[in-house]
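In the UniProt record's numbering, the protein residues as written are 1 to 224.
The beta-carbon is built from N, C-alpha and C at its ideal position, and this holds for glycine as well.
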């Protein structure tokens, strides 16, 4: 009975990370004005947050700071990144090579490899890639499938927080709808923070939203 209660409690516990950004400012060395000014946001676990605004307003800069790719000038953050057009950052030649690129290779890591392999199979199923031959060269995949591969690479690692920069960019309307639906499923497994101009497809999925004003000023916004 106790074991069943513990299992139920674990099942009810959130699998995503809570995100707290407080007073984050970023001013590159030599710049006259900051790219971000006193940005703050809170995103609860397993919710999907959306940051939108004009190009060049500082949205991607904030995402890079959250991912650890840049360091803020001031402020605090308590918490993978999927780049805009992630297919341009692939390191493997085939789908299998890309998904397993950073896996441990030593003989003593065989247990970890087996766990990752099992997780990869489930992940490929969840993102609609299970029917694709894993030895297929990435260059032969459509843009929509490449975007799915990029998501699968991150999800195999079971991230608590997934940061997405324009995940629908460059896709046709049908594939955009498919990827948007996939993001709705992903927040069952992790917290998702998206930077995007594509408000129509994402709006039904959004739990919290912020608008980045020119000059890097982040403001809470109603769901678009």
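Worksheet item: What's the call for residue 122, buried or exposed, on a 16-neighbour Cβ count within 10 Å?
Response: If you draw a 10 Å sphere on the C-beta of residue 122, you find fewer than 16 other C-beta atoms in it, and that means exposed.
Worksheet item: What do you get for residue 1, buried or exposed, if any count of 16 or more other CB atoms within 10 angstroms of its CB means buried?
Response: Here residue 1 scores only 49 on pLDDT, less than 50, and its place in the model is too uncertain to base an answer on.
Practice prompt. Can you have a look at residue 58 and say buried or exposed, based on whether 16 or more other CB atoms are within 10 angstroms of its CB?
Written response: Buried, by the Cβ-count rule.
Practice prompt. Compare the beta carbon distance of residue 196 and residue 205 with 7 Å and say whether it is the shorter of the two.
Written response: No, these two residues do not count as a Cβ contact at 7 Å.
Discussion item. Taking the straight line between their C-alpha atoms, what separation do you get for residue 98 and residue 74?
Written reply: When rounded, the distance between both Cα atoms is 36 Å.
Item to complete: Jot down the residue ranges of each uninterrupted alpha helix (DSSP H) in the stretch 165 to 198, minimum 4 residues, whole runs only, in chain order.
Response: If we require 4 residues or more, the alpha helix (DSSP H) runs fully inside the stretch 165 to 198 come out as 173 to 186.
Worksheet item: Would you report the Cα separation of residue 208 and residue 218, rounded to the nearest angstrom?
Response: The alpha-carbon separation between residue 208 and residue 218 amounts to approximately 13 Å.
Item to complete: May I ask which residues mark the beginning and end of the beta strand (DSSP E) holding residue 38?
Response: It spans 36 to 43 - the beta strand (DSSP E) in which residue 38 sits, taken as one unbroken run.
Item to complete: Assign residue 33 to one of two classes, buried (16 or more other C-beta atoms within 10 Å of its C-beta) or exposed (fewer than that).
Response: Under this definition residue 33 is an exposed residue.
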